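Below is one structure; the comments refer to it alone.
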């Protein structure tokens, strides 16, 4: 069993989630139950799956939860790109978020391979 609070991927995922909440606070109010909600839920899912997976009894199970976290990260990336297409996020904002997200994906993928 891993201590998720000590994992850098979990710490970065939490930070990323906070950034998503801050960015989406400026989205149009009519998107509250649309893309704002989707982005927030998917970003929470990244850190949550890392934490939940760390409690599992085997590395194989933990690796599966990391795979789900990576899937959520790609979901967030797609939603960020759509948000940019709709003009909800400026170029500078999306670049920063995508770079952080790519770092989280790479780190999580690499960590996952050590478990298998």
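In this note's numbering, the protein residues as written are 1375 to 1490.
Positions of the beta carbon are idealized from the N, C-alpha and C atoms, including for glycine.
Remember, it's a predicted structure, so these values are computed and weren't measured experimentally.
Same chain only: Cβ atoms within 8 angstroms of residue i, ignoring 5 sequence neighbours per side
i            : result
residue 1460 : 1409
residue 1477 : 1386
residue 1471 : 1390, 1393, 1394, 1397, 1454, 1463
residue 1475 : 1390, 1447, 1450, 1451, 1454
residue 1401 : 1409, 1410, 1457, 1462
residue 1467 : 1397
residue 1388 : 1421
Same chain only: Cβ atoms within 6 angstroms of residue i, ignoring 5 sequence neighbours per side
i            : result
residue 1399 : none
residue 1434 : none
residue 1404 : none
Identity of the residue in the options nearest residue i by Cα
i            : options                : result
residue 1487 : 1420, 1441, 1456, 1451 : 1441
residue 1416 : 1376, 1425, 1431, 1448 : 1448
residue 1412 : 1388, 1425, 1450, 1380 : 1450
residue 1384 : 1468, 1467, 1443       : 1443
residue 1376 : 1466, 1480, 1432       : 1432
residue 1426 : 1466, 1484, 1381       : 1381
Buried versus exposed, by CB contacts within 10 Å (16 or more), residue i
i            : result
residue 1429 : exposed
residue 1422 : buried
residue 1482 : buried
residue 1490 : exposed
residue 1378 : buried
residue 1439 : buried
Supposed contact pair residue j and residue i - C-beta distance, whole angstroms, cut 8 angstroms
i            : j            : result
residue 1419 : residue 1446 : 4 angstroms
Cutoff 7 angstroms; reference residue i; Cβ partners in own chain excluding five residues on either side
i            : result
residue 1437 : 1486, 1489, 1490
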